[in-house]
Ligand SMILES: Cc1cc2nc3c(=O)[nH]c(=O)nc-3n(C[C@H](O)[C@H](O)[C@H](O)COP(=O)(O)OP(=O)(O)OC[C@H]3O[C@@H](n4cnc5c(N)ncnc54)[C@H](O)[C@@H]3O)c2cc1C
Ligand code: FES
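Residue numbers (my numbering): 328 to 615.
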C-alpha cells in the first residue's frame with residue numbers, strides 16, 4: 328500500500344452508530360456573578376436546536392484540551408427558560424470556564440440522568456432545603472413548582488451558606504420570599520454586621536417552622552455533611568424516607584452508564600440518578 332493513499336475520514340460511516348460522546352457547541356449569551364466564586368451562564372445552541380430537559384438533569388460541559396465535568400441544569404424547561412448552568416471555580420475546567428466572556432463558546436452533551444419527581448408532589452406542601460451551591464440544581468425544581476404554584480400547598484425554602492458573600496441567587500430568594508404562602512429562611516455560619524438571617528447550620532432553621540410530615544415532600548441538596556444531618560432531623564420529625572428526595576454529586580467520567588466511575592452501591596449515579604430518595608439511598612447503603 329502506498330503511504331498517504333488513505334486518509335482518516337471525519338465523516339461518520341454510513342449506518343455507523345451515533346457517537347454518544349460528541350458534544351455540541353453552545354454560545355455563552357449572558358454571564359452573571361452569583362457569589363465570589365460562582366458564575367451563572369445562559370447558553371444558546373449554535374446549531375439553533377435546543378433540547379428538552381427535566382428538573383434535576385445534568386449536562387457534561389467541556390472545553391477542548393482542558394476537560395469535561397458534569398454540571399446541573401439550573402433552568403426550567405417547563406417555563407421555556409434558556410439553558411442555564413452555574414459553575415463554582417474549583418479545578419482546571421471550572422477555572423477555565425470562569426475566564427470565558429459573553430459570546431465565547433463552550434461544549435456540552437446531554438441532558439443526562441433522571442429527574443426530580445416534582446409532579447408527584449402535587450397537592451402537597453413542599454420543603455426545599457439547600458446548602459451552599461446545592462441551591463443550583465434545586466433551582467430547576469423550585470421554578471417548576473412555582474410555575475404550577477396553584478397545584479402545591481405551603482412552600483418553605485431553608486438555605487444555609489458559610490457566609491452572606493457565599494449565598495447564591497440572593498435576588499431570587501428575596502423574590503420567592505415575597506410570594507404568597509412561601510417562607511424563605513436563611514442562615515450562615517459567619518455573619519457580617521448587616522446580616523439579617525439566622526446564624527448556624529441549616530438544621531437550626533427547623534426550629535422556626537412547623538410542617539406536617541404526612542403531607543410534605545422534601546427536596547434537599549448540599550454538601551454530604553449537611554445532607555446527613557438534615558436527613559436525621561427530617562426522620563426525627565417523622566418524615567418518610569420515600570418523601571425525602573436528594574441529588575447526589577459523585578465523580579463521573581462518561582455520564583452515560585459505561586465507565587463505572589459513579590457507582591452508588593450497585594446503581595450508576597449518572598443514569599439511575601443523580602436524584603434518589605432517602606429510602607433508595609438507605610437500600611443502597613449510601614445514606615451517609
Ligand atoms: C451530577 C453532578 C452535578 C454537578 N453540578 C454542578 C454544578 O451545577 N455546578 C458546579 O459548579 N459543579 C457541579 N458539579 C461538580 C463538578 O462536576 C466538579 O466540581 C468538577 O470536578 C469540576 O471540574 P474541574 O475540572 O474544574 O475540577 P477538578 O480538576 O475535577 O477538581 C475538582 C475537585 O475534585 C477533586 N477531584 C477531581 N476528580 C476526582 C476524583 N476522581 N476523585 C477524587 N477527587 C477528585 C479535585 O482534587 C478537586 O478538589 C456536579 C457534579 C455532579 C456529579
Ligand atoms: S459516569 Fe460513567 S458510568 Fe456513570
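Positions of the beta carbon are idealized from the N, C-alpha and C atoms, including for glycine.
Endpoints, the beta strand (DSSP E) within which residue 436 is located: 432-439
Segments of 4+ residues assigned as alpha helix (DSSP H) that fall wholly inside the segment 523-583: 551-563
Beta-carbon gap between residue 354 and residue 371 smaller than 8 Å: yes
Where residue 609 sits in the DSSP three-state scheme: helix
Cβ neighbour criterion (16 or more within 10 Å) applied to residue 508: exposed
Minimum C-alpha distance to residue 409 - residue among 546, 388, 379 and 437: 379
At least three beta-carbon pairs within less than 8 Å, the segment 483-501 to the segment 453-471: yes
Within 8 Å, strictly: CB atoms of residue 350 and residue 400: no
Nearest candidate by alpha-carbon position, reference residue 504, set 434, 377 and 473: 473
Straight-line gap, residue 332 to residue 347 (C-alpha atoms, nearest Å): Residue placement at residue 332 cannot be trusted, given a pLDDT of 49 that sits under 50; the coordinates are not used to answer.
Cutoff 8 Å; reference residue 550; Cβ partners in own chain excluding five residues on either side: 458, 459 and 461
Residue 586 vs residue 580 beta-carbon contact at 8 Å: yes
Beta-carbon gap between residue 601 and residue 385 smaller than 8 Å: yes
Segment limits, beta strand (DSSP E) that includes residue 512: 509-515
Residue 499: first and last residue of the uninterrupted alpha helix (DSSP H) it sits in: 497-504
Beta-bridge pairing of residue 454 - partner residues as DSSP gives them: 483 and 545
Buried versus exposed call for residue 393 [16 or more other C-beta atoms within 10 Å across all chains shown]: exposed
Backbone CA spacing between residue 506 and residue 467 [nearest angstrom]: 17 Å
Counted within 10 angstroms of its Cβ, other Cβ atoms place residue 576 as buried (16 or more) or exposed: buried
Among 614, 423 and 441, nearest to residue 557 - alpha-carbon criterion: 614
Three-state secondary structure assigned by DSSP to residue 604: strand
Residue 365 and residue 424 closer than 8 Å at C-beta: no
Residue 547 vs residue 456 beta-carbon contact at 8 Å: yes
Nearest-angstrom Cα separation, counted from residue 373 out to residue 482: 37 Å
beta-carbon residue 594 near ligand 2 non-hydrogen atom, thresh 7 Å: no
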